[in-house]
Amino acid sequence: VAPAIEEDIALGNIGLDLIGQARALLTYAGEVEGAGRTEDDLAYLRGERDYLNVQLVEVPNGDFGATIARQLVFSTYQLELYERLQGSADPTLAGVAGKAVKEVAYHREHAALWVLRLGDGTEESHRRMQAGLDAMWPYVAELFEGDEVDRSLSTERIAVDPAGLRDPWWSSVSSVLAEATLDEPAPRWRARGGRRGIHTESLGFLLAEMQHLHRSHPGASW
Numbered sequence: 202v203a204p205a206i207e208e209d210i211a212l213g214n215i216g217l218d219l220i221g222q223a224r225a226l227l228t229y230a231g232e233v234e235g236a237g238r239t240e241d242d243l244a245y246l247r248g249e250r251d252y253l254n255v256q257l258v259e260v261p262n263g264d265f266g267a268t269i270a271r272q273l274v275f276s277t278y279q280l281e282l283y284e285r286l287q288g289s290a291d292p293t294l295a296g297v298a299g300k301a302v303k304e305v306a307y308h309r310e311h312a313a314l315w316v317l318r319l320g321d322g323t324e325e326s327h328r329r330m331q332a333g334l335d336a337m338w339p340y341v342a343e344l345f346e347g348d349e350v351d352r353s354l355s356t357e358r359i360a361v362d363p364a365g366l367r368d369p370w371w372s373s374v375s376s377v378l379a380e381a382t383l384d385e386p387a388p389r390w391r392a393r394g395g396r397r398g399i400h401t402e403s404l405g406f407l408l409a410e411m412q413h414l415h416r417s418h419p420g421a422s423w
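Residue numbering for the sequence shown is 202 to 423, as defined by this note's numbering.
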């Protein structure tokens, strides 16, 4: 739960930006696939194991400190990714990145300001912000795990190898943590396999809610 209604609205607007980015990428994925599937087909008719996302984005929001910690981690990653993807040899991907980079720059700034406010605030806000980071940190390393496809497309200047984003990402995030008087967590375990279709139980609940209406009325236009 956000501490004020204005923050609820801000988080909602960030969510709308991310939906817009997803729609653009799913529409293009359908075109590249060439099997006649639309963005709705890819969003609403895939099974859990067909989603190849990192586990960070599917874990429950929980405390506001955890929500903001995840937003900082993920939006900083997206910013580094889209900045580089603007130079893609694929003009569609470059175009999507050019629009998205402006949005995620705001998302990252918004999250960073909250991390500073909570981390360098009261004893209670500091404790909750650190707890939020501790909860999200086991999912961080997976962001930078690529595979042969990533490396091949990176060589062809179409995509970006996520392994190359780790150092600039940490440089950006660590400066925020230092200013907020927060410690880098030391997780005892780490998430693996999201990009291979291995997910937490949370994704199943998310998909059940997200896909219910579309699957209940197949073929309907919205």
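Every residue, glycine too, gets a C-beta built ideally from N, C-alpha and C.
For A270, the secondary structure class from DSSP, reduced to helix, strand or coil, is helix.
In the structure shown, the three-state DSSP call for Y252 is coil. Within the model, the alpha-carbon separation for E385 versus R238 is close to 43 Å.
Burial is judged here by how many other beta carbons sit within 10 angstroms of a residue's own beta carbon; T277 has at least 16 and is buried. Here the C-alpha atom of H413 lies approximately 12 Å from the C-alpha atom of G248.
Just so you know, the alpha carbons of T293 and Y229 end up roughly 8 Å apart. The beta carbon of E240 lies closer than 7 Å to those of R224, L227, T228 and G231 in the same chain, with the five residues before and after it left out. Close CB contacts of V374 within its chain, under the 8 Å cut and outside five residues either way in sequence, are with L273, V274 and T277 (chain order). Under the 8 Å Cβ criterion, the segment 358-365 does not count as touching the segment 313-333, having fewer than three qualifying pairs.
The count of Cβ pairs closer than 8 Å, one atom from the segment 299-316 and one from the segment 390-399, stays below three, leaving the stretches out of contact. A residue is called buried once 16 or more other Cβ atoms fall within 10 Å of its Cβ, and I269 is buried on that count.
About 5 Å separates the CB atoms of L317 and A381; that is less than 8 Å, so the two are in contact. For E357, there are no CB contacts under 6 Å within the same chain when 5 residues up- and downstream are skipped. Annotated three-state conformation of I359 is coil, per DSSP. Inter-residue distance for A336 and A267 is about 7 Å (C-alpha atoms, whole angstroms).
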